[in-house]
Amino acid sequence: MTVNEKKPGEPGRRAPAGAAVLREDVTEAIRTAVFAELAAVGYARMSIEGIARRAGVGKTAVYRRWRSKLHLVLDLVSALAVQGLPTPDTGSLEGDLRLLYEVTSRALRHPVASQVIPDLQAEAARNPEIEAALQKALREGQHGVASGIVAQAVARGELRAGLAEGDQELALDLMSGPLYWRAVVVRGELPKGYLGSLVGATAAALRAL
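Laid out in structure tokens, this is it:
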């Protein structure tokens, strides 16, 4: 079935000349398999054969969608930047930060993410294409959320008006750095009350800019 990727009993459909009909459920199975394979063996040892086996498809199904494992991983990482996190809008700076940290900490502590992100970062030191994709997914995705939180806080009068224009990079570092350090680098359980303390410290730092 991996040759024509047509469901059993499904009527034949004529594809446009020169075009392949790609089933979305097969594509999603491959994407899921990539994350699982990255977590299990890492990027260096990951292979198209292993991905196909884990997804329950043939290698041809993978190669129809991506030319290599590099292009596959780049596509998935880039998709994270497009999806991103929704900007919290709780009505207060502290509330927005709290919701951001709760969602982010759960995502970073996920068994797959906690193994895949460090591995890809190590690979990024050797591969400029992976480095660029990670920068877009991790940095730009967080930047958009941070910018939204700051803009909302400025509009509510919680932060000075000039902050939204002049200190975006520093604000992003203040908002994202500590939690990322704790969850990805230290890789330990968050101490009791850590997120609450981080919210208070970050809000105070932003107001001091």
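In the UniProt record's numbering, the protein residues as written are 1 to 209.
Yeah, the Cβ is synthetic: ideal placement off N, Cα and C, and Gly gets one too.
Note that the coordinates shown come from a computational prediction; the quantities given were computed from them, not determined experimentally.
In the DSSP annotation of this structure, Met46 is not part of any alpha helix (DSSP H), being labelled neither H nor E. With fewer than 16 other beta carbons inside 10 angstroms of its own, Val186 counts as exposed. For Pro178, the enclosing alpha helix (DSSP H) has its first and last residue at 168–180. No residue range can be given for Thr87, since it is assigned to no alpha helix (DSSP H) and is classified by DSSP as neither H nor E. In this structure, Val150 sits away from Leu38, with a CB-CB distance that is not shorter than 8 Å. Restricting attention to Ala133, Ser114, Asp167, Leu190, the CA atom closest to the CA of Val184 is found in Ser114. With fewer than 16 other Cβ atoms from the protein chains shown falling within 10 Å of its own Cβ, Arg67 counts as exposed. Nearest to Ala33 by C-alpha distance, out of Ala61, Leu22, Asp173, is Ala61. Here Ser47 is exposed, its C-beta having fewer than 16 other C-beta atoms within 10 Å.
In this structure, the alpha-carbon of Asn127 lies about 26 Å from that of Arg53. Counting only runs of at least 4 residues, the segment 98–168 fully encloses the following alpha helix (DSSP H) elements, listed from N- to C-terminal order: 111–124, 128–134, 141–155, 163–166.
Here Arg65 is not near Leu120, since their CB atoms are 8 Å or more apart.
The C-alpha of Glu24 lies about 18 Å from the C-alpha of His71. Residue Phe35 holds the alpha-carbon nearest to the alpha-carbon of His110 among Glu158, Gln142, Phe35. Thr104 is a Cβ neighbour of Leu179, given a cutoff of 8 Å.
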